[in-house]
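Written below as structure tokens is the structure these notes are about.
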Amino acid sequence: MTKFRYLTAGESHGQGLTVIVEGMPAGLEITEQYIENQMSRRQKGYGSGGRMKIEQDRANIRSGVRHGRSLGSPIAMWIQNRDFANWTDAMSIADVGDGVDKKVYTKVVPGHADFPGALKYAQHDLRNVLERASARETAARVAAGSIARRLLEEIGIVIHSRVVATGDQDGAKIDPENVDWSFVEESEVRASDSDADSRFKAAIDKSKKERTTIGGTFEVVAFGSPVGLGSHVHWDRKLDGRIAQAMMSINAVKGVEIGNGFANTRKPGREVQDVIEYDPNDLRRFRQISNHAGGIEGGMSNGNPIVVHVAIKPIATMTKPLPSVDINTGQLVDAQYNRSDICQVARACPVGESMLALVLVDGLLEKFGGDSLNEIKRNYTNYVESHQAFGNPE
Ligand SMILES: Cc1cc2nc3c(=O)[nH]c(=O)nc-3n(C[C@H](O)[C@H](O)[C@H](O)COP(=O)(O)O)c2cc1C
0 MTKFRYLTAG ESHGQGLTVI VEGMPAGLEI TEQYIENQMS RRQKGYGSGG
50 RMKIEQDRAN IRSGVRHGRS LGSPIAMWIQ NRDFANWTDA MSIADVGDGV
100 DKKVYTKVVP GHADFPGALK YAQHDLRNVL ERASARETAA RVAAGSIARR
150 LLEEIGIVIH SRVVATGDQD GAKIDPENVD WSFVEESEVR ASDSDADSRF
200 KAAIDKSKKE RTTIGGTFEV VAFGSPVGLG SHVHWDRKLD GRIAQAMMSI
250 NAVKGVEIGN GFANTRKPGR EVQDVIEYDP NDLRRFRQIS NHAGGIEGGM
300 SNGNPIVVHV AIKPIATMTK PLPSVDINTG QLVDAQYNRS DICQVARACP
350 VGESMLALVL VDGLLEKFGG DSLNEIKRNY TNYVESHQAF GNPE
């Protein structure tokens, strides 16, 4: 049985989102404020649309926490959609009959879930597909990811993210260990230097003017991971595979790279491996002199920062719509326009952090087990101390 799992439910303009996180240990300090702080990071971003001005996301914890600490039972959360007030008829659970505006749409948006979803689920109103395909669902992932992040913090694992490219504009090449993360948090485009900050904004402004959209690449980094999360022994236990699946599941993500995955393919083998040295001061007793592998070898974390790059495509919905078809008549039409972002790359960063946190917690609970936080910490400490048996001449 899976040790740790989570489920989300909810439509973009429905009443709200439900999240259930199951398998967290007892004794973890959790507050709604902590989750809200993380969720507000998903709402900021230069080039985001009007929806985020309406919503002020807050996850209301409904079960699994008592007097500020987790009980080990499922943690249920509820995130209200404020916008539902404008959609009560269109998103009504009960049939509202004829004569009301159900906000039906039939003009396919190329690049969205509309076309395959309509045929697969036999839907003639594309809203029945869009409502769940929408990235509104990622608010629920950030709520779940915030709880995961809390557990990681207890073990000393910290996750950051930044935008490394917006459209054809690259940020300066800065090693993740030298990034000023407080600068990134202040930047509306999550750039790590001021030059990139202004170039990313200019690229977004240009897209807006041209009535198109713009994508990019972001980096998610986990510092402080122990050696040995994931495993080499079976395909579905490999940590890199699990991270790639989690990141690829984020709406509009089309590429995932661990470490210098793509750049390494252009270099000779001698230049891309991470050479190991004995280091009695390192908890692992060894250290690597570089981190081209992005902290994962053989499907296992090696104790270096876990570095993931995520490519996200430009948003499909545009104020100047593409030519398209009506799903019911086949007639040529302009694609539907629903209120939309120009650039979602910065907003996707906290979602990527959450997905990494959820995968790492899964790996952590698999490795260190335990039903209470203290039990997990004891198992973790014993394991780290066991590294002393390696690289020891006596
Ligand atoms: C944070 C975030 C915000 C997004 N906002 C929008 C949006 O405003 N409009 C839109 O058409 N797509 C948006 N998307 C992307 C779509 O949800 C996505 O392209 C669509 O569901 C189709 O799936 P696919 O691109 O993964 O194939 C957003 C994605 C993310 C991660």
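Here the sequence shown is numbered in numbering that gives the first Met the number 0, starting from 0 and rising by one per residue.
From the three backbone atoms N, C-alpha and C, an ideal C-beta is built for every residue, glycine too.
- Going by DSSP, LYS102 is part of no alpha helix (DSSP H) at all; its letter is neither H nor E.
- Between ligand 1 and ARG269, a heavy atom-to-CB distance of less than 7 Å is absent.
- For ligand 1, no non-hydrogen atom lies closer than 7 Å to the CB of GLY116.
- Residue nearest to GLY390 within the set ALA310, ARG286 and GLY98 is ARG286 (criterion: CA-CA distance).
- CA-CA distance, MET76 to SER339, rounds to 26 Å.
- The C-beta separation of VAL103 from ARG126 comes to about 6 Å, placing the pair in contact by the 8 Å criterion.
- Restricting attention to ALA58, ARG284 and LEU357, the CA atom closest to the CA of ASN36 is found in ALA58.
- Ligand 1 never approaches ILE213 closely enough for any of its heavy atoms to be under 7 Å from the residue's Cβ.
- Judged by the Cβ position, ASN250 qualifies as a neighbour of ligand 1 at the 7 Å threshold, a heavy atom of the ligand being closer than this.
- The Cβ-Cβ distance between ASP273 and ILE288 falls below 8 Å.
- Here SER62 is bridged, per DSSP, to ALA75.
- When only Cα atoms are considered, PHE114 and TYR120 end up about 10 Å apart.
- Secondary structure in the region 107 to 168: the beta strand (DSSP E) runs of 3 residues or longer, each lying completely within the stretch, are 157 to 165 in chain order.
- Closest in alpha carbon position to SER323, among ARG65, ASP370 and PRO109, is PRO109.
- Annotation: the continuous alpha helix (DSSP H) that includes THR380 extends over 372 to 385.
- Sixteen is the threshold: since fewer than 16 other Cβ atoms of the shown chains lie within 10 Å of the Cβ of LYS253, the residue is exposed.
- Under the DSSP definition of a beta bridge, TYR45 lacks any partner.
- Note: VAL307 is bridge-paired with VAL219 and ILE257 in the DSSP secondary-structure output.
- In this structure, the alpha-carbon of SER181 lies about 20 Å from that of ALA356.
- Per DSSP, ASP333 is one residue of the beta strand (DSSP E) stretching across 331 to 333.
- Within the same chain, Cβ atoms closer than 7 Å to the Cβ of GLU276 are found at PHE285, ARG286 and ILE288, the five residues on either side in sequence being excluded.
- At a cut-off of 7 Å, the beta-carbon of GLY13 does not count as near ligand 1: no heavy atom of the ligand is closer than that.
- The residues THR1, LYS2, PHE3, ARG4 and LEU364, in chain order, have a CB closer than 8 Å to that of GLY22 in the same chain once the five nearest residues on each side in sequence are set aside.
- When DSSP states are grouped into helix, strand and coil, ALA25 belongs to the strand group.
- When C-beta atoms of the region 309 to 320 are compared with those of the region 210 to 217, three or more pairs fall below 8 Å, so the two segments count as touching.
- The beta carbon of ASN259 sits closer than 6 Å to the beta carbons of HIS291 from its chain, once the five residues preceding and following it are set aside; these are given in chain order.
- PHE285 is bridged by DSSP to TYR277.
- Burial is judged here by how many other beta carbons sit within 10 angstroms of a residue's own beta carbon; GLY268 has fewer than 16 and is exposed.
- Membership of ALA8 in the beta strand (DSSP E) is indicated by the continuous run 4 to 8.
- With contact defined as three or more Cβ pairs closer than 8 Å, the region 323 to 332 and the region 229 to 248 are not in contact.
- Nearest to ARG236 by alpha-carbon distance, out of GLY298, THR264 and ASP204, is GLY298.
- Counting along the chain, the unbroken beta strand (DSSP E) around SER300 starts and ends at 299 to 301.
- Listed as beta-bridge partners of GLU209 by DSSP are no residues whatsoever.
- Rounded to whole angstroms, the gap between the alpha carbons of ASN263 and LEU282 is 28 Å.
- For the options VAL255, ARG161, GLU185 and GLU184, the alpha carbon positioned closest to that of ASP174 is the one of ARG161.
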